[in-house]
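Colleague:
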Amino acid sequence: MDNLSDTLKKLKITAVDRTDDSLEGCLDCLLQALAQNNMETSEKIQGSGILQLFASLLVPQSSCTAKVANIIAEIAKNEFMRIPCVDAGLISPLVQLLNSKDQEVLLQTGRALGNICYDSHSLQAQLINMGVIPTLVKLLGIHCQNAALTEMCLVAFGNLAELESSKEQFASTNIAEELVKLFKKQIDHDKREMVFEVLAPLAENDAIKLQLVEAGLVECLLEIVQQKVDSDKEEDIAELKTASDLMVLLLLGDESMQKLFEGGKGNVFQRVLSWIPSNNHQLQLAGALAIANFARNDGNCIHMVDNGIVEKLMDLLDRHVEDGNVTVQHAALSALRNLAIPVINKAKMLSAGVTEAVLKFLKSEMPPVQFKLLGTLRMLIDAQAEAAEQLGKNVKLVERLVEWCEAKDHAGVMGESNRLLSALIRHSKSKDVIKTIVQSGGIKHLVTMATSEHVIMQNEALVALALIAALELGTAEKDLESAKLVQILHTLLADERSAPEIKYNSMVLICALMGSVASALLKELEAWNPWAGGSIFLDVAGMALSALPTVVFSVLCCCTDECPSNLCFACIP
Numbered sequence: 010m011d012n013l014s015d016t017l018k019k020l021k022i023t024a025v026d027r028t029d030d031s032l033e034g035c036l037d038c039l040l041q042a043l044a045q046n047n048m049e050t051s052e053k054i055q056g057s058g059i060l061q062l063f064a065s066l067l068v069p070q071s072s073c074t075a076k077v078a079n080i081i082a083e084i085a086k087n088e089f090m091r092i093p094c095v096d097a098g099l100i101s102p103l104v105q106l107l108n109s110k111d112q113e114v115l116l117q118t119g120r121a122l123g124n125i126c127y128d129s130h131s132l133q134a135q136l137i138n139m140g141v142i143p144t145l146v147k148l149l150g151i152h153c154q155n156a157a158l159t160e161m162c163l164v165a166f167g168n169l170a171e172l173e174s175s176k177e178q179f180a181s182t183n184i185a186e187e188l189v190k191l192f193k194k195q196i197d198h199d200k201r202e203m204v205f206e207v208l209a210p211l212a213e214n215d216a217i218k219l220q221l222v223e224a225g226l227v228e229c230l231l232e233i234v235q236q237k238v239d240s241d242k243e244e245d246i247a248e249l250k251t252a253s254d255l256m257v258l259l260l261l262g263d264e265s266m267q268k269l270f271e272g273g274k275g276n277v278f279q280r281v282l283s284w285i286p287s288n289n290h291q292l293q294l295a296g297a298l299a300i301a302n303f304a305r306n307d308g309n310c311i312h313m314v315d316n317g318i319v320e321k322l323m324d325l326l327d328r329h330v331e332d333g334n335v336t337v338q339h340a341a342l343s344a345l346r347n348l349a350i351p352v353i354n355k356a357k358m359l360s361a362g363v364t365e366a367v368l369k370f371l372k373s374e375m376p377p378v379q380f381k382l383l384g385t386l387r388m389l390i391d392a393q394a395e396a397a398e399q400l401g402k403n404v405k406l407v408e409r410l411v412e413w414c415e416a417k418d419h420a421g422v423m424g425e426s427n428r429l430l431s432a433l434i435r436h437s438k439s440k441d442v443i444k445t446i447v448q449s450g451g452i453k454h455l456v457t458m459a460t461s462e463h464v465i466m467q468n469e470a471l472v473a474l475a476l477i478a479a480l481e482l483g484t485a486e487k488d489l490e491s492a493k494l495v496q497i498l499h500t501l502l503a504d505e506r507s508a509p510e511i512k513y514n515s516m517v518l519i520c521a522l523m524g525s526v527a528s529a530l531l532k533e534l535e536a537w538n539p540w541a542g543g544s545i546f547l548d549v550a551g552m553a554l555s556a557l558p559t560v561v562f563s564v565l566c567c568c569t570d571e572c573p574s575n576l577c578f579a580c581i582p
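Heads up: the sequence shown is residues 10 to 582, going by the numbering used here.
1. Work out the CA separation of Asn-87 and Gln-55 for me, nearest whole Å.
2. So, helix, strand or coil for Gln-70, using DSSP?
3. Pick helix, strand or coil for Gly-308, following the three-state DSSP scheme.
4. Out of Cys-38, Met-90 and Asp-111, point me to the one whose CA is closest to Gln-70's CA.
5. Checking 7 Å against the spacing of the C-beta atoms, do Val-104 and Met-161 come in under that value?
6. Out of Asn-309, Met-90, Leu-342 and Asn-79, which has the shortest C-alpha to C-alpha gap to Met-48?
7. Could you check what DSSP says for Leu-43 in three-state terms: helix, strand or coil?
8. Taking 8 Å as the limit between beta carbons, can you name the residues of its chain near Arg-305, skipping five residues before and five after?
9. Please report the distance separating the alpha-carbon of Val-456 from that of Val-404.
10. Starting from Lys-242 and walking both ways along the alpha helix (DSSP H), at which residues does that stretch end?
11. For Lys-589, which residues from the same chain have a beta carbon less than 7 Å from its beta carbon, with the 5 sequence-adjacent residues on both sides left out?
12. Using the beta-carbon count (16 or more within 10 Å), is Asn-302 buried or exposed?
13. Quick one: measure Cβ to Cβ for Gln-178 and Pro-143, integer angstroms, because I've assumed they're closer than 8 Å.
14. CA-CA distance, Gln-135 and Cys-126?
15. So, is Lys-381 buried or exposed, given that buried needs 16 or more other C-beta atoms within 10 angstroms?
16. Within the same chain, show all residues whose beta-carbon is closer than 6 Å to that of Ala-341, passing over the 5 residues directly before and after it, in chain order.
17. Could you compute how far the alpha carbon of Lys-369 sits from the alpha carbon of Met-203?
18. In this structure, how does DSSP classify Ile-353 when only helix, strand and coil are distinguished?
19. Find the nearest neighbour of Thr-385 within the set Pro-102, Cys-520, Gln-338 and Leu-482, judged by alpha-carbon distance.
20. Do Ala-478 and Ala-508 have their C-beta atoms closer together than 7 Å?
21. Could you round the C-beta distance between Leu-259 and Lys-218 to whole angstroms and report it? I think they count as a contact, below 8 Å.
22. With a threshold of 7 Å on Cβ separation, who are the neighbours of Thr-559 within its own chain once the five nearest residues in sequence on each side are excluded?
23. Whole angstroms is fine: what's the gap from Val-363's alpha carbon to Ala-459's?
24. What three-state label does DSSP hand Gly-551 in the structure shown?
25. If Val-472 sits next to Asn-427, beta carbons under 8 Å apart, how far is it from one beta carbon to the other, in whole angstroms?
26. Using a C-beta cutoff of 7 Å, does His-130 count as contacting chain B?
27. Which class does Ile-477 belong to by DSSP, given the choice of helix, strand or coil?
28. With a Cβ-Cβ cutoff of 7 Å, do Leu-430 and Leu-400 count as a contact?
29. Assuming Leu-99 contacts Ser-57 under a Cβ cut-off of 8 Å, what Cβ separation, rounded to an integer in Å, is found between them?
30. Within 10 angstroms of the Cβ of His-425, are there 16 or more other Cβ atoms? Answer buried if so, exposed if not.
31. What are the boundary residues of the alpha helix (DSSP H) that includes Leu-522?
32. Alpha carbon to alpha carbon, how far is Ile-246 from Thr-182? Give it in angstroms, no decimals.
33. Quick check on DSSP: helix, strand or coil for Met-260?
34. Comparing alpha-carbon positions, which option in Ala-344, Ala-97 and Glu-244 lies nearest Leu-282?
35. So for Cys-577, helix, strand or coil by DSSP?
36. Flag this pair as yes or no: are the beta carbons of Pro-102 and Leu-67 separated by less than 7 Å?
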């Protein structure tokens with residue numbers, strides 16, 4: 010270490026004199042010392058105060074520049090040295106050196122910047138603001154034959170691509186073209202894996218998704234899938250998963266998805282279809298997820314249903330009923346749910362037996378599967394009275410829904426269960442369905458749903474409750490009373506924050522409840538005057554039913570052009 014101290018002293022002098030031979034000797038000594046004991050040498054360098062001198066040595070014309078950048082890269086491996094490097098003003102001259110034509114200078118400069126900014130989003134954001142992304146993309150294109158420089162660029166891209174602020178800059182370059190070109194050249198698994206690690210975060214951006222599709226990445230991914238699908242090697246299985254996952258990610262962009270769908274005639278879409286009946290769970294999963302992504306607009310959904318995709322998905326689900334793969338179940342149900350959204354598809358899917366296929370998973374204890382199961386059923390019965398009635402009279406289903414309405418650890422499952430309970434009543438308008446729900450203990454959940462933070466859920470609950478009051482009040486009355494329905498309606502009407510449609514439908518429900526002759530509910534209503542300064546609520550239920558609906562329907566009903574379909578009682582025949 011005495012030699013190191015002498016070297017540091019000498020370096021201070023030679024750095025000022027700029028005697029290249031002497032300077033180079035000092036730099037070689039520092040590199041040797043760092044190789045022997047990086048941490049201790051770095052501490053000595055920091056203590057000597059020569060970091061500030063390095064900034065003046067980072068000049069393109071000097072033969073020592075690469076070694077200076079190498080020293081900075083080595084000391085910045087230590088976390089405690091990174092802030093001192095920043096404070097010494099090293100970042101700006103290093104960024105300028107990225108314009109050098111010397112490949113060794115570029116390599117060591119890239120290493121130095123990467124180590125200084127490692128694991129620091131603020132410093133990486135600073136590099137982005139200084140315009141390093143277009144420069145690095147250009148370097149990748151120019152020096153693609155230099156393996157070390159290429160690897161340096163990929164590592165930099167991987168780090169910078171994690172920042173959302175980088176995506177716009179990446180999208181303005183030809184990064185997609187360069188990466189796909191590089192990917193095609195790679196034979197070695199590890200090298201392809203490095204490219205994958207850059208592609209995945211970049212592909213989260215919709216503009217870059219489309220650029221990658223246009224650059225031919227999908228064809229590369231399909232080729233990898235074909236090559237690796239029958240292999241049992243661990244690295245091949247991992248690469249198959251990475252390729253198929255990336256394929257699904259590219260389909261999340263609307264433009265990239267539509268480009269690959271090609272009206273249902275595209276090669277990519279056809280290849281994805283062939284994955285669903287595969288015996289490989291990863292391909293089954295990717296195929297189902299891809300279909301779910303393709304099923305994001307009505308035209309695609311209608312085409313796929315007309316061409317037999319529903320039967321393929323039901324076959325896939327059937328293979329995973331007993332001890333099946335949960336991720337495949339979830340993906341297939343997601344696809345069916347999306348396909349069921351267009352009105353024209355609902356009857357076709359019901360006729361194909363989708364309801365029966367989905368109900369096989371009613372016993373699942375996995376919340377993601379439960380959530381998609383509920384969503385699929387809710388989509389299927391929308392405006393399908395017969396199907397809603399059939400499901401609503403299914404005691405096992407209704408009992409399971411009531412159970413899931415209490416799944417407080419899984420808000421999505423709880424919300425979807427409540428919405429499906431409401432939908433069964435709203436779409437069936439069936440007394441038998443209401444009786445089944447009452448007997449299963451579902452009324453209290455519908456009343457609680459009327460207090461939801463989501464307006465659409467409040468409306469759905471109020472409409473369902475109004476139908477219960479109009480069609481089968483006698484059966485449900487005790488449950489409505491114990492659930493404190495009248496107090497909740499009072500709160501909704503008194504709350505200034507309640508949306509207009511909530512107040513409208515609350516008053517419609519009150520009108521329906523007035524049919525509760527000589528009951529506890531009627532007494533509660535009579536005791537409460539919702540119109541301040543007005544007469545008593547109404548003494549006789551008959552007067553309420555004959556007079557109030559006229560007021561509500563003609564003045565307060567939300568049946569306007571803006572009215573959500575089927576979300577106010579007056580909309581219901």
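Don't be surprised by glycine CBs; every beta carbon is placed ideally from N, CA and C.
Modeller: To lay it out plainly:
1. 12 Å
2. coil
3. helix
4. Asp-111
5. no
6. Met-90
7. helix
8. Asp-263, Met-266 and Asn-347
9. 20 Å
10. From DSSP, Lys-242 is part of no alpha helix (DSSP H); its letter is neither H nor E.
11. The structure shown does not extend to residue 589, since the chain is modelled only from 10 to 582, so the question has no answer here.
12. buried
13. 7 Å
14. 9 Å
15. buried
16. Ala-297, Leu-322, Leu-325 and Leu-326
17. 42 Å
18. helix
19. Gln-338
20. no
21. 5 Å
22. The predicted model places Thr-559 with a pLDDT of 36, which falls under 50 and marks its position as unreliable; any figure quoted below should be read in that light. Contacts found: none.
23. 30 Å
24. Note that Gly-551 has pLDDT 36, beneath the 50 cutoff, so the model's placement of it is unreliable and the number below is only indicative. Residue state, collapsed to three classes: helix.
25. No, Val-472 and Asn-427 are not in contact; Cβ-Cβ is about 13 Å, not under 8 Å.
26. Going by chain labels, chain B is absent from the structure shown, which holds only one protein chain.
27. helix
28. no
29. Between Ser-57 and Leu-99 the Cβ distance is about 15 Å, and since that is not below 8 Å, they are no contact.
30. The residue asked about is misnamed: residue 425 is Glu in this sequence, not His. It counts as buried.
31. 509-522
32. 32 Å
33. Before going on, a small fix: residue 260 reads as Leu here, not Met. Three-state DSSP puts Leu-260 in coil, outside helix and strand.
34. Ala-344
35. With a pLDDT of 44 at Cys-577, under the threshold of 50, the modelled position of this residue cannot be trusted; read the value that follows with caution. DSSP places Cys-577 in coil when its eight states are reduced to three.
36. yes
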